[in-house]
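Oh and the sequence shown: position 102 is 98 in our numbering, straight run, nothing missing.
By construction, the Cβ of each residue, glycine as well, lies at the ideal position given by its N, Cα and C atoms.
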Amino acid sequence: MTDVLAAGGWRNNAEMIADIARLGWIDSPVLDLTYGLGKFWDKHRPAELVANDLDPKRGDFTEDARQPPHQWWDRFQAVVYDPPYRLAGRRDQGFDDRYGLLEPTTRAEMLELIVRGSQGAARCTAVGGRCFVKCQAMINGGTYTDQPRIVQDAIEALPDEKFVLEGRFYLITRPRKQPAGRVQRTPRNNVSQLVAFRRV
Ligand SMILES: C[S@@+](CC[C@H](N)C(=O)[O-])C[C@H]1O[C@@H](n2cnc3c(N)ncnc32)[C@H](O)[C@@H]1O
């Protein structure tokens, strides 16, 4: 067996999750708040997985990740939150089905979904369990948005639950092409992150 690395080597989220599971970081019961097409679990399927997505065509529950129901609070050994972290209308064509249609359209909406959903994920994590948030640093409208840092600040700001940052897993993504005729002035960020926290 090869070592589990923090960066690269995976072709997709499923391969990354399977490696994280090898660390013993994904114990059941698991809650996936943004189950989507369930791609995270293509290689490692936890024994107990609760599949939630606001879109009723995806998953078994349709709770809003920003306001998870009380009965889920403090309950799960692992909680995954993979929000739509790009702005709608700016991604490559053909991605709609994978990313869902409930995408934010403004930077403020995107940040609200990331912050409140991350806090929702944290709330559902049992003491000793882990919470994972998928995000990416990117430039929106000329402003650098450091989503991983925003997620960390949001989770560490929770008054009643204490979390420690336990690791970041870096997945190389397919960058969008520079629009024809526009001069490139900033680097394309082609790394997404799964930020891992442990509740203490
Ligand atoms: C990036 S996709 C998740 C992809 C998923 N991890 C997979 O493997 O297929 C984001 C998902 O979040 C869902 N979503 C958007 N807003 C939500 C919310 N407030 N609460 C729960 N799910 C939400 C969308 O319907 C979409 O399926």
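Following a CB-centred definition, is Tyr31 positioned closer than 7 Å to any heavy atom of ligand 1? Flag set: Cβ of Tyr31 near ligand 1.
Contact check, Phe159 vs Cys127, beta carbons under 8 Å: yes
Examine ligand 1 and report whether any of its heavy atoms sits within less than 7 Å of the Cβ of Lys39. Not so, every heavy atom of ligand 1 lies at least 7 Å from the Cβ.
Nearest CA to the CA of Asp51: which residue from Glu44, Glu59, Leu45? Glu59
Quick check on Met12: does DSSP put it in helix, strand or coil? helix
Just checking Leu83 against ligand 1 - is the residue's beta carbon closer than 7 Å to any of the ligand's heavy atoms? Outside the cutoff, so no.
Contact the segment 5 to 19 vs the segment 172 to 184: 3+ CB pairs below 8 Å: no
What does the alpha-carbon distance come out to for the pair Met(-3) and His40? Near 16 Å, if we compare the C-alpha coordinates of His40 and Met(-3).
Around the Cβ of Leu1, are there at least 16 other Cβ atoms within 10 angstroms (buried) or fewer (exposed)? exposed
When every heavy atom of ligand 1 is checked, does at least one fall within less than 7 Å of the C-beta of Pro65? no
Out of Thr30, Lys35, Asn8, Ala47, which has the shortest C-alpha to C-alpha gap to Ser24? Ala47
Nearest candidate by alpha-carbon position, reference Arg195, set Trp69, Ala133, Leu167: Trp69
Please state whether DSSP places Ile151 in a helix, a strand or coil. helix
Cα-Cα separation, Phe72 to Val187: The C-alpha of Val187 is placed about 28 Å away from the C-alpha of Phe72.
Mind checking which residues open and close the beta strand (DSSP E) that includes Ser188? 187 to 195
Since I believe Gln132 is in contact with Asn185 (beta carbons under 8 Å), could you give me their beta-carbon distance rounded to a whole number of angstroms? About 6 Å separates the two Cβ atoms, so the contact holds.
Compute the minimum distance between the beta carbon of Glu36 and the heavy atoms of ligand 1, and state whether it is under 7 Å. It should be pointed out that residue 36 corresponds to Phe in this sequence rather than to Glu. Within the cutoff, so yes.
C-alpha gap between Leu161 and Ala150, whole angstroms: 12 Å
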